[in-house]
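Undergrad: For the record, the sequence lines run as chains A and B.
Per UniProt numbering, residue 1 is the first one in the first sequence, and the count goes up by one each step.
Per UniProt numbering, residue 1 is the first one in the second sequence, and the count goes up by one each step.
All residues carry an ideal CB built from backbone N, CA and C; glycine is no exception.
All figures in this text were calculated on a predicted structure; none of them were measured in a lab.
Okay, handing you the structure first.
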Amino acid sequence: MANPSAVCNGHLHHQKQNNNLLKSGIYKKNGITKGMKKNGVSNGTLYKKTFIEHFEQAPMYVAVLTFLGFGVGTVFGYLRDFMRAWGLEKRNIAAEREQQKDFVPLYQDFENFYTRNLYMRIRDNWNRPICSVPGPQFDLMERVTDDYNWTFRFTGRTIKNVINMGSYNYLGFAETDVNALKTVTIELEKYGTGICSTRQEMGTLDKHVELEKLVAKFLGVEDAMVFGMGFATNSMNIPALVGKGCLILSDELNHTSLVLGARLSGATIRIFKHNNMQSLEKLLRDAIIYGQPRSRRAWRKIIILVEGIYSMEGSIVRLPELVSLKKKYKAYLYLDEAHSIGAVGATGRGVVEYFGMSPDDVDVLMGTFTKSFGAAGGYIAGRKDLVDFLRTHSHSAVYATSMCPPVAEQIIRAMKCLMGLDGTTQGLQRVRQLGKNTRYFRRRLHEMGFIIYGNDDSPVVPLLLYMPGKIGAFARRMLEKNIGVVVVGFPATPIAESRARFCVSAAHTREMLDTVLNALDELGDFLQLKYSRYSKSSHPELYEETRLEFED
Amino acid sequence: MNVGVAHSEVNPNTRVMNSRGMWLTYALGVGMLHIVLLSIPFFSVPVAWTLTNVIHNLGMYVFLHAVKGTPFETPDQGKARLLTHWEQLDYGVQFTSSRKFFTISPIILYFLASFYTKYDPTHFILNTTSLLTVLIPKLPQLHGVRLFGINKY
Numbered sequence: 001m002a003n004p005s006a007v008c009n010g011h012l013h014h015q016k017q018n019n020n021l022l023k024s025g026i027y028k029k030n031g032i033t034k035g036m037k038k039n040g041v042s043n044g045t046l047y048k049k050t051f052i053e054h055f056e057q058a059p060m061y062v063a064v065l066t067f068l069g070f071g072v073g074t075v076f077g078y079l080r081d082f083m084r085a086w087g088l089e090k091r092n093i094a095a096e097r098e099q100q101k102d103f104v105p106l107y108q109d110f111e112n113f114y115t116r117n118l119y120m121r122i123r124d125n126w127n128r129p130i131c132s133v134p135g136p137q138f139d140l141m142e143r144v145t146d147d148y149n150w151t152f153r154f155t156g157r158t159i160k161n162v163i164n165m166g167s168y169n170y171l172g173f174a175e176t177d178v179n180a181l182k183t184v185t186i187e188l189e190k191y192g193t194g195i196c197s198t199r200q201e202m203g204t205l206d207k208h209v210e211l212e213k214l215v216a217k218f219l220g221v222e223d224a225m226v227f228g229m230g231f232a233t234n235s236m237n238i239p240a241l242v243g244k245g246c247l248i249l250s251d252e253l254n255h256t257s258l259v260l261g262a263r264l265s266g267a268t269i270r271i272f273k274h275n276n277m278q279s280l281e282k283l284l285r286d287a288i289i290y291g292q293p294r295s296r297r298a299w300r301k302i303i304i305l306v307e308g309i310y311s312m313e314g315s316i317v318r319l320p321e322l323v324s325l326k327k328k329y330k331a332y333l334y335l336d337e338a339h340s341i342g343a344v345g346a347t348g349r350g351v352v353e354y355f356g357m358s359p360d361d362v363d364v365l366m367g368t369f370t371k372s373f374g375a376a377g378g379y380i381a382g383r384k385d386l387v388d389f390l391r392t393h394s395h396s397a398v399y400a401t402s403m404c405p406p407v408a409e410q411i412i413r414a415m416k417c418l419m420g421l422d423g424t425t426q427g428l429q430r431v432r433q434l435g436k437n438t439r440y441f442r443r444r445l446h447e448m449g450f451i452i453y454g455n456d457d458s459p460v461v462p463l464l465l466y467m468p469g470k471i472g473a474f475a476r477r478m479l480e481k482n483i484g485v486v487v488v489g490f491p492a493t494p495i496a497e498s499r500a501r502f503c504v505s506a507a508h509t510r511e512m513l514d515t516v517l518n519a520l521d522e523l524g525d526f527l528q529l530k531y532s533r534y535s536k537s538s539h540p541e542l543y544e545e546t547r548l549e550f551e552d
Numbered sequence: 001m002n003v004g005v006a007h008s009e010v011n012p013n014t015r016v017m018n019s020r021g022m023w024l025t026y027a028l029g030v031g032m033l034h035i036v037l038l039s040i041p042f043f044s045v046p047v048a049w050t051l052t053n054v055i056h057n058l059g060m061y062v063f064l065h066a067v068k069g070t071p072f073e074t075p076d077q078g079k080a081r082l083l084t085h086w087e088q089l090d091y092g093v094q095f096t097s098s099r100k101f102f103t104i105s106p107i108i109l110y111f112l113a114s115f116y117t118k119y120d121p122t123h124f125i126l127n128t129t130s131l132l133t134v135l136i137p138k139l140p141q142l143h144g145v146r147l148f149g150i151n152k153y
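Below, the structure written as structure tokens:
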């Protein structure tokens, strides 16, 4: 792909931004990134299918009201703190003993301000205990609070069959069907639950070898290694791969595990704007031209850390451009497919398959089994010499216990189902059902007029709520309608962009999705969440006929 | 750690003032304050303007230059714990657009207040001292400076 400021044949071609994007088949219009719609795919483009991502901005009044909401919350927070300090209100939070009042305080109470005054008010929407398998529906323990969320008590009743829109159960493998779990039960009886050893000592079982071969076959790479914990796969292996003198280019919205691994490694970390290849290219060029900060030596290694699907935005990484960049500047690519393995791609093999690329293009393929496979743990796959290196040098292999056999068997059976090796087409059906559900859900939400972030093909659907008051209201009312959702606010998201995140699953039936969509429709009207200015509303009489002109 | 957080921004406080709509909200807030003061029948127009100026500067001083740290825990091992919000903006980079905006806005308010109070001496003294309390801490030379050990820890 031609670089805009490349020097060719002695001439400095300064092509404009638009040309560059047009070549790749993507352009931005009205805040929506769209791919060019063509009859066929021409040879010059990197993307074999259209890449449509939405990050629509709400009208300005929404942002203003959001900040006003936080302002009011802050003022009331100060008021309540004042009342608590002067004894006009009961103090519910932990306090020091009388003898310790003269000591230097352990905690700064201002750091707790947000938790105390804003989070506590809507705390009942998180950490809800469930008492069944988190499949497409689950049971919740009913809990009430007598003192405005400072303490909870369980009434003893369970709320049955709450539709689960929060679990990362993309392929529906979180199930308790006895027939499906038969092999897992057998392995549990044979091996027990614990390994009690690390991989390098006595913790490598035949189950691990079998699983690693299967993972490598599934992904189409030479070898793979599995670890007991998905988070630890990132945080323990990145320090083994890079160290001081190396450069890590990490996406703005990378997961905590990647950030922790990058910090533990001791390498220099530079952050590029989310999914923005121009920002990344600028960083790469600067890194190669200027080298290490003071000594100006060349970097020992440059590695780019990205995720397949970003769980809070629902955006998919721009892999073709990324791979072409990495090949041009000779950097390494570490792709964390935690949410995308099993969830995207024609046969569920992740973003690499989704873009029609070869797994050899990515140097380190990492993923977790927690989301699509209904198990726990993570893997790193790639070339054989990479995996052999990790077997000896990974911190997890030396110090952490390995994956336990029943979990390994669950992954094996899920993966075999997905690959079709169990003799049925159930795996493929699940992937197709997930794709259908995703497209249907997103299309209906767009039609209703909500602002949704992310790629049209990603099963993670963030619905923007914006105002802090609506976070609590939305989650509580959805629970009243028997739907369990996950809501997130500041500081986990930017201050003006709190959202509810839906995770579509292959196990959701059309009826369940319709129930959720109808509830959302009602709630959207009641809470006035339908901020989108671009989609055709399902109530056309309320809006003028402004059709967005798609370039044909 | 940034557990439960979806970005690698160590201190979200640094970016709050750059968010879309924040400046507008601030301007609207000042306008609202002024309208409330104007509607109180006991205050004449000059008094209302001086009060707007003084209350705005007092609020700005308290929130930007007196309160230290962040209202939430950050994974930066306490680097921002002793810094006021002004010092935390954009991680200490000077002359960014937010800083310029928040430096200019009390000055504009001061001009307006001086005009509407018809440059009366008492009002002038009040407005000028109040403006100075809010302008001096914003100077880059006073980044991290605590006079007489006030507000140090």
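Looking at the secondary structure, which residues open and close the alpha helix (DSSP H) in which Tyr-78 (chain A) lies?
TA: 60-85
Undergrad: Report the partner residues of Gln-137 (chain A) according to the DSSP bridge assignment.
TA: A:Ile-163
Undergrad: Which of the three DSSP states is assigned to Glu-337 (chain A) in this structure?
TA: coil
Undergrad: Can you find at least 3 beta carbon pairs, one from the stretch 195-205 of chain A and one from the stretch 175-184 of chain A, that sit closer than 8 Å?
TA: no
Undergrad: If we cut at 8 Å on Cβ distances, does Arg-146 (chain B) have a partner in chain A?
TA: No, Arg-146 (chain B) lies away from the interface with chain A (no Cβ there is under 8 Å from its Cβ).
Undergrad: Going along chain B, which residues have a C-beta under 7 Å from Glu-321 (chain A)?
TA: Near Glu-321 (chain A) there are no residues of chain B at all, since even the closest Cβ is about 21 Å away, more than 7 Å.
Undergrad: For Phe-231 (chain A), is the classification buried or exposed, using 16 other Cβ atoms within 10 angstroms of its Cβ as the cut-off for buried?
TA: buried
Undergrad: Please identify, using Cβ separations under 7 Å, the residues of the stretch 3-17 of chain B that lie next to chain A, in order along the chain.
TA: Taking 7 Å as the Cβ-Cβ cut-off against chain A, the residues of the stretch 3-17 of chain B that qualify are Val-3, Gly-4, Val-5, Ala-6, His-7, Ser-8, Pro-12, Val-16.
Undergrad: Tell me the rounded alpha-carbon separation between Leu-214 (chain A) and Lys-436 (chain A).
TA: Pairing Leu-214 (chain A) with Lys-436 (chain A), the inter-Cα distance amounts to about 27 Å.
Undergrad: Report, in whole angstroms, the separation of the C-beta atoms of Leu-418 (chain A) and Gly-342 (chain A), which I expect to be a contact under 8 Å.
TA: 7 Å
Undergrad: On a Cα-Cα basis, can you pick out the residue from A:Pro-293, A:Glu-89, A:Asn-275 that is closest to Ile-316 (chain A)?
TA: A:Asn-275
Undergrad: Pairing CB atoms from the stretch 409-417 of chain A with CB atoms from the stretch 388-397 of chain A, are three or more of them under 8 Å?
TA: No: the two stretches stay apart, fewer than three of their Cβ pairs being nearer than 8 Å.
Undergrad: Does DSSP classify Ser-8 (chain B) as helix, strand or coil?
TA: coil
Undergrad: Using the Cα positions of Asn-112 (chain A) and Ser-498 (chain A), report the straight-line distance between them to the nearest angstrom.
TA: 20 Å
Undergrad: Less than 8 Å between the beta carbons of Thr-57 (chain B) and Pro-106 (chain B), yes or no?
TA: Inspection of the sequence shows that residue 57 (chain B) is occupied by Asn rather than by Thr. Yes. Within cutoff.
Undergrad: I'd like to know whether the C-beta of residue 554 (chain A) is nearer than 8 Å to at least one C-beta of chain B.
TA: Any answer about residue 554 (chain A) is impossible in this case: the structure gives chain A only from 1 up to 552.
Undergrad: Are the beta-carbon atoms belonging to Gly-314 (chain A) and Ser-458 (chain A) less than 8 Å from one another?
TA: yes
Undergrad: How far does the beta strand (DSSP E) with Pro-462 (chain A) in it reach, from first residue to last?
TA: 460-466
Undergrad: Measure from the C-beta of Met-99 (chain B) to each C-beta in chain A and report whether the shortest distance is under 8 Å.
TA: It is Arg, not Met, that sits at residue 99 (chain B) in the sequence shown. No, no contact with chain A.
Undergrad: Measure the CB-CB distance between Met-141 (chain A) and Ala-6 (chain B) and report whether it falls below 8 Å.
TA: No, Cβ-Cβ distance for Met-141 (chain A) and Ala-6 (chain B) is not below 8 Å.
Undergrad: At least one CB of chain A closer than 8 Å to the CB of Met-1 (chain B): is that the case?
TA: Note that Met-1 (chain B) scores 42 on pLDDT, short of 50, meaning its location in the model is unreliable and no value can be drawn from it.
Undergrad: Quick one: does residue 560 (chain A) have its CB under 8 Å from some CB of chain B?
TA: Limits of chain A in this structure are 1 at one end and 552 at the other, which puts residue 560 (chain A) out of reach.
Undergrad: To the nearest angstrom, report how far apart Leu-305 (chain A) and Gln-99 (chain A) are at their CA atoms.
TA: 50 Å
Undergrad: Touching or not, the stretch 450-457 of chain A and the stretch 364-379 of chain A, by the rule of three or more beta carbon pairs under 8 Å?
TA: no
Undergrad: Give a yes or no on whether the minimum CB-CB distance between Ser-532 (chain A) and chain B is below 8 Å.
TA: no
Undergrad: Between the stretch 217-232 of chain A and chain B, which residues of the former have a C-beta closer than 9 Å to a C-beta of the latter?
TA: none
Undergrad: Write down the C-beta distance between Met-357 (chain A) and Pro-320 (chain A) rounded to the nearest angstrom, noting that I regard them as a contact closer than 8 Å.
TA: 7 Å
Undergrad: Along chain A, in chain order, which residues have C-beta atoms closer than 9 Å to that of Thr-70 (chain B)?
TA: Within 9 Å Cβ-Cβ: Phe-110, Glu-111, Phe-113, Tyr-114, Pro-491.
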